[in-house]
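*Asks:* Take a look at this one; I'll ask things after.
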Amino acid sequence: MSTTQQTGSFEKPAKAIIHLDMDAFYPAVEVLDDPALRGLPVIVGGSSHRGVVASASYEARKFGVHSAMPIAEAKRRCPKGVFLPVRMQRYKEISQAIFAIYERYTPLVEPLSIDEAFLDVSGSMRLFGTPQEIAATIKRDVQQELNLTVSAGVASNKSVAKIASDYQKPDGLTVVKPGTEQQFLNPLQIERLWGAGPITCRALHLLGVQTIGDLARLSPELLSAKFGKQGESLHRLACGIDEREVESAQGLKSIGNEETFSEDIVNMDVARQELLALATKVGGRLRHKATVGRTISLKVKYNDFKQITRSATLIDPVDDGNTIYRQCCSLLEKTEVGRRPVRLLGVTVSNLCDPEAPRQQSLFDDPVHDQKTESLNRAVDNIQDTFGEGTIMPGTLLKKT
Numbered sequence: 004m005s006t007t008q009q010t011g012s013f014e015k016p017a018k019a020i021i022h023l024d025m026d027a028f029y030p031a032v033e034v035l036d037d038p039a040l041r042g043l044p045v046i047v048g049g050s051s052h053r054g055v056v057a058s059a060s061y062e063a064r065k066f067g068v069h070s071a072m073p074i075a076e077a078k079r080r081c082p083k084g085v086f087l088p089v090r091m092q093r094y095k096e097i098s099q100a101i102f103a104i105y106e107r108y109t110p111l112v113e114p115l116s117i118d119e120a121f122l123d124v125s126g127s128m129r130l131f132g133t134p135q136e137i138a139a140t141i142k143r144d145v146q147q148e149l150n151l152t153v154s155a156g157v158a159s160n161k162s163v164a165k166i167a168s169d170y171q172k173p174d175g176l177t178v179v180k181p182g183t184e185q186q187f188l189n190p191l192q193i194e195r196l197w198g199a200g201p202i203t204c205r206a207l208h209l210l211g212v213q214t215i216g217d218l219a220r221l222s223p224e225l226l227s228a229k230f231g232k233q234g235e236s237l238h239r240l241a242c243g244i245d246e247r248e249v250e251s252a253q254g255l256k257s258i259g260n261e262e263t264f265s266e267d268i269v270n271m272d273v274a275r276q277e278l279l280a281l282a283t284k285v286g287g288r289l290r291h292k293a294t295v296g297r298t299i300s301l302k303v304k305y306n307d308f309k310q311i312t313r314s315a316t317l318i319d320p321v322d323d324g325n326t327i328y329r330q331c332c333s334l335l336e337k338t339e340v341g342r343r344p345v346r347l348l349g350v351t352v353s354n355l356c357d358p359e360a361p362r363q364q365s366l367f368d369d370p371v372h373d374q375k376t377e378s379l380n381r382a383v384d385n386i387q388d389t390f391g392e393g394t395i396m397p398g399t400l401l402k403k404t
C-alpha cells in the first residue's frame with residue numbers, strides 16, 4: 004500500500020524534482036508475465052553459479068539476497084529461490100512504456116537507468132497540480148496501466164529527491180518540502196547519502212560520522228583536506244544543497260569527462276591509462292542516461308595551454324567504455340602526447356541517440372559478443388550502483404588507486 008510523508012510547504016520559486024524508482028523492477032516484470040511467481044523469492048541473474056544477481060524480489064531480500072551478490076551466495080542464502088535469467092529486451096519494452104507515462108507530465112525526464120529517473124515538474128504544476136499530486140498521479144498510472152509499483156521522492160533538488168524515493172520502499176511516496184531538507188536528512192545513516200560508497204563511509208566512520216547530520220556538522224575545510232573535491236561535494240549534499248539540473252535525454256548534446264593533472268604527463272603509457280579511466284566513466288554515464296553516441300572526441304591540453312581536439316564518428320553508436328577507449332587510443336596517435344608534456348586529457352561522446360532506435364545491421368556485427376559486452380556492463384553498473392563508484396574497475400587502473 005502506498006504511503007506518503009510530508010514536511011514543510013511547497014511554494015514557488017523552489018524547484019520541484021521527482022525521483023521515481025521502480026520497485027524490484029526485473030523480478031516485478033517476471034511476476035507480471037507469470038503471476039504464479041507472485042509471493043515467491045524471485046532472483047534474476049541466471050541459474051549459473053557464476054555471475055551475479057541483477058535484481059531480487061522483496062521476498063528474496065528477506066533472506067539477505069541483493070543485487071551484485073554472487074549467484075552461488077544467493078543460492079546458499081535462499082535455496083528455495085526462483086532463479087531466472089535476465090530478459091533485457093522485455094525489461095526495455097516495459098521501461099519504454101513507463102517512461103512514456105513520465106513524459107505525459109513533463110519533457111524534463113532524466114533517465115538514470117532502465118527503471119529510474121528524475122523529473123523536473125517545476126513547470127507542470129499549473130496543468131497537473133502540486134508536485135506531490137503529480138507524483139501520486141504517476142504512481143497511479145503505472146499501477147493501473149502496467150500493474151507495477153514505483154516509489155517516488157519529491158524535493159527541491161535531485162539528491163534529496165533520490166534519498167526520499169528510497170525512504171518508504173516499496174510503493175512509497177515521500178515529500179520533502181523546501182526548507183526542511185536538513186531536518187529530513189539529519190537522522191539518516193550516512194550510507195543513505197547519494198555518492199557515499201562503502202570505502203568513503205568507512206573513512207567517515209573513523210571521523211565519528213554515523214549520520215548525514217554528523218557529516219553536515221563537520222567543517223568543509225576538514226572534509227576537503229581528507230577527501231579533496233569529493234569532500235566538498237559530500238558536505239553540500241549532506242546540507243541538502245544540490246544545484247544540478249535535470250537533464251532530459253533530448254536536451255543532452257554530449258557526455259564527457261576530463262581531468263587536469265597535478266603533474267604533467269610525459270609518458271604515453273600513463274596517458275593511455277588515464278584515458279582508460281576517463282572512457283570507463285563516460286561509458287558508465289552513457290548507460291545511466293540510457294543513451295548511446297556515435298562521435299568520440301579526445302581533448303588534449305599541453306603544458307603551454309595549447310589545446311587540441313581529435314574526433315571520429317562511428318557507424319554504430321556506443322556506450323561501452325572499452326570501445327570508447329580503443330577509439331581514443333587511435334586518436335591519441337594523431338597528437339603529440341608522449342612527445343610534449345600534457346596538462347589535461349578529456350573524453351567526450353556526442354551525436355547522441357536512443358539505443359533502441361533502428362539502425363543498419365553491419366555485416367561484421369557479432370551478436371554473441373555484443374550480448375556478452377552488455378551483460379558485463381550491466382553487472383559492473385549494478386555493482387557500482389550498490390557499492391559505490393570505484394568498487395570495480397579494469398585491472399590496469401589498480402595502479403592509480
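So in our numbering, the last spot in the sequence shown is 404, and the numbers never skip.
All C-beta atoms in this analysis are idealised placements derived from N, C-alpha and C, irrespective of residue type, glycine included.
Can S58 and F28 be called in contact, C-beta distance under 8 Å?
*Replies:* Counting from 1 along the sequence shown, the entry for residue 58 is found at position 55. Counting from 1 along the sequence shown, the entry for residue 28 is found at position 25. Yes, the Cβ-Cβ distance between S58 and F28 is below 8 Å.
*Asks:* Taking R343 as the reference, give the member of I311, L355 and S353 with the closest Cα.
*Replies:* The residue labelled residue 343 in the question sits at position 340 within the sequence shown. Out of I311, L355 and S353, I311 has the C-alpha closest to the C-alpha of R343.
*Asks:* What is the DSSP secondary structure of S365, counted as helix, strand or coil?
*Replies:* Translated into positions along the sequence shown, residue 365 becomes position 362. In this prediction, S365 has a pLDDT of 44, which is less than 50 and means its spatial position is unreliable; what the coordinates show is noted afterwards. Looking at S365 - three-state DSSP - the assignment turns out to be coil, as it is neither helix nor strand.
*Asks:* Going by Cα to Cα distance, which pick from T183, N270, N260 and P134 is closest to K284?
*Replies:* Start at 1 with the first residue of the sequence shown, and residue 284 comes out as number 281. When each option's Cα is compared against that of K284, the closest is N260.
*Asks:* Using a Cβ-Cβ distance under 8 Å, would N354 count as near chain D?
*Replies:* Here chain D cannot be found, since the structure has a single protein chain.
*Asks:* What is the DSSP secondary structure of F131, reduced to helix, strand or coil?
*Replies:* Locating residue 131 in the sequence shown gives position 128, counting from the first residue. Of the three classes helix, strand and coil, the one that applies to F131 here is helix, per DSSP.
*Asks:* So within the stretch 210-293, which uninterrupted alpha helix (DSSP H) runs reach at least 4 residues, ignoring any that extend past its ends?
*Replies:* Here the runs fully enclosed are 215-220, 223-230, 232-241 and 271-291.
*Asks:* Judging by CA-CA distance, which residue of L334, K161, F308 and R195 is the nearest neighbour of Q316?
*Replies:* The residue labelled residue 316 in the question sits at position 313 within the sequence shown. The question names Gln, but residue 316 is Thr in the sequence shown. Nearest option by C-alpha distance: L334.
*Asks:* Which complete alpha helix (DSSP H) runs does the stretch 107-187 hold, if anything under 4 residues is left out?
*Replies:* Listed in chain order, the complete alpha helix (DSSP H) runs (minimum 4 residues) inside the stretch 107-187 are 128-131, 134-149 and 161-168.
*Asks:* Just mark D357 as buried or exposed, buried being the case when its beta carbon has 16 or more other beta carbons within 10 Å.
*Replies:* Here residue 357 is taken as the residue at index 354 of the sequence shown, counted from 1. When all chains shown are included, D357 counts as exposed.
*Asks:* Find the nearest neighbour of V178 within the set K172, Q186 and A167, judged by alpha-carbon distance.
*Replies:* Counted from its first residue, the sequence shown places residue 178 at position 175. Closest by alpha carbon: A167.
*Asks:* Which residues mark the beginning and the end of the beta strand (DSSP E) in which T351 is found?
*Replies:* Within the sequence shown, numbered from 1, the residue matching residue 351 stands at position 348. It spans V345 to C356 - the beta strand (DSSP E) in which T351 sits, taken as one unbroken run.
*Asks:* Under 8 Å, do M128 and A19 count as touching if we go by C-beta distance?
*Replies:* The residue given as residue 128 occupies position 125 in the sequence shown. The residue given as residue 19 occupies position 16 in the sequence shown. It is a contact, given that the beta carbons lie within the stated cut-off.
*Asks:* Using C-beta distances below 8 Å, list every residue in its chain close to E62, excluding the 5 sequence neighbours before and after it, in chain order.
*Replies:* As a first step, residue 62 is located in the sequence shown; it is residue number 59 there, counting from the start. These residues qualify, in order along the chain: G42, L43, P44 and V45.
*Asks:* Based on the DSSP secondary-structure assignment, which residues constitute the bridge partners of A315?
*Replies:* Locating residue 315 in the sequence shown gives position 312, where the first residue counts as 1. Answer is I299, bridged to A315.
*Asks:* Can you round the beta-carbon distance between V56 and G48 to whole angstroms, since I take them to be within the 8 Å contact cut?
*Replies:* As a first step, residue 56 must be located in the sequence shown, where it is residue number 53. As a first step, residue 48 must be located in the sequence shown, where it is residue number 45. Going by Cβ atoms, the distance from V56 to G48 rounds to 4 Å, so yes, they are a contact pair.
*Asks:* Would you grab the beta carbon distance between P134 and I21 for me? Rounded to a whole angstrom, and I think it's under 8 Å.
*Replies:* For the purposes of this step, residue 134 is taken as the residue at position 131 of the sequence shown. For the purposes of this step, residue 21 is taken as the residue at position 18 of the sequence shown. About 6 Å; that satisfies the 8 Å criterion.
*Asks:* If you draw a straight line from the C-alpha of T214 to the C-alpha of F121, how long is it?
*Replies:* Here residue 214 corresponds to residue number 211 of the sequence shown, with the count starting at 1. Here residue 121 corresponds to residue number 118 of the sequence shown, with the count starting at 1. Taking the straight line joining both Cα atoms gives about 25 Å.
*Asks:* Of all the options Q146, K161, D169 and D37, which has the alpha carbon lying nearest to the alpha carbon of A155?
*Replies:* Reading the sequence shown from its first residue, position 152 is the one you call residue 155. Comparing Cα positions, the closest option is D169.
*Asks:* What residues match up with I46 in a beta bridge as DSSP calls it?
*Replies:* As a first step, residue 46 is located in the sequence shown; it is residue number 43 there, counting from the start. Answer by DSSP bridge pairing, in chain order: A59 and F86.
*Asks:* Count the other CB atoms within 10 Å of the CB of L281; is the residue buried (16 or more) or exposed (fewer)?
*Replies:* The count along the sequence shown starts at 1 and reaches residue 281 at position 278. When all chains shown are included, L281 counts as buried.
*Asks:* Enumerate in chain order the residues of its own chain whose CB-to-CB distance from D245 is below 8 Å, with the five nearest sequence positions on each side excluded.
*Replies:* As a working mapping, residue 245 is identified with position 242 in the sequence shown. Counting only Cβ-Cβ distances below 8 Å, and skipping sequence neighbours, we find N160, K161, S162, V163 and R239.
*Asks:* CB K142 to CB I117, shorter than 8 Å?
*Replies:* Along the sequence shown, one-based indexing puts residue 142 at 139. Along the sequence shown, one-based indexing puts residue 117 at 114. No, they are not a contact pair.
*Asks:* Please list, in chain order, all residues of the same chain as L289 whose beta carbon is under 7 Å from its beta carbon, the five residues on each side excluded.
*Replies:* As a position in the sequence shown, residue 289 is number 286, starting the count at 1. Excluding positions up to five away in sequence, the list reads I258, V295, G296, D322 and V352.
*Asks:* For the alpha helix (DSSP H) that L334 lies in, which residues bound it at each end?
*Replies:* Stepping through the sequence shown from its first residue, residue 334 is reached at position 331. Element bounds for L334: G324 to L335.
*Asks:* Anyone know if the C-beta pair for A100 and L149 falls short of 8 Å?
*Replies:* Translated into positions along the sequence shown, residue 100 becomes position 97. Translated into positions along the sequence shown, residue 149 becomes position 146. Cβ atoms of A100 and L149: closer than 8 Å.
*Asks:* For V32, which residues does DSSP report across the bridge?
*Replies:* Residue mapping note: residue 32 aligns to position 29 of the sequence shown, counting from 1. Its beta-bridge partners do not exist; DSSP assigns none.
*Asks:* Can you look up H23 in the DSSP assignment and give me helix, strand or coil?
*Replies:* Within the sequence shown, the letter at position 20 stands for residue 23. In the sequence under discussion, the amino acid at residue 23 is Leu, which differs from the His named in the question. Residue state, collapsed to three classes: strand.
*Asks:* Please return the same chain residues whose Cβ sits closer than 8 Å to the Cβ of K229, not counting the five positions on each side in sequence.
*Replies:* Here the question's residue 229 lines up with position 226 in the sequence shown. The answer, listed in chain order, is A206 and L210.
*Asks:* With distances taken Cα to Cα, identify the nearest neighbour of L188 among E33, G324, R220 and P320.
*Replies:* Residue numbering aside, residue 188 sits at position 185 when the sequence shown is read from its first letter. The option with the nearest alpha carbon to L188 is R220.
*Asks:* Indicate whether S251 and L130 have their beta-carbon atoms separated by less than 8 Å.
*Replies:* Working through the sequence shown from its first residue, we reach residue 251 at position 248. Working through the sequence shown from its first residue, we reach residue 130 at position 127. Not a contact, by the Cβ cut-off of 8 Å.
*Asks:* Between I327 and I299, is the Cβ-Cβ spacing less than 8 Å?
*Replies:* For the purposes of this step, residue 327 is identified with residue 324 of the sequence shown, where counting begins at 1. For the purposes of this step, residue 299 is identified with residue 296 of the sequence shown, where counting begins at 1. Result yes, Cβ atoms of I327 and I299 sit closer than 8 Å.
*Asks:* Just how far apart, CA to CA, sit K83 and V32?
*Replies:* Indexing the sequence shown from 1 puts residue 83 at position 80. Indexing the sequence shown from 1 puts residue 32 at position 29. Each residue's Cα considered, the two are about 20 Å apart.
*Asks:* Check whether the Cβ atoms of S60 and P88 sit closer than 8 Å, and answer yes or no.
*Replies:* Within the sequence shown, numbered from 1, the residue matching residue 60 stands at position 57. Within the sequence shown, numbered from 1, the residue matching residue 88 stands at position 85. No, Cβ-Cβ distance for S60 and P88 is not below 8 Å.
*Asks:* May I have the straight-line CA-CA distance separating E136 from L176, to the nearest angstrom?
*Replies:* In the sequence shown, counting from the first residue as 1, residue 136 sits at position 133. In the sequence shown, counting from the first residue as 1, residue 176 sits at position 173. The straight-line gap from Cα to Cα measures roughly 10 Å.
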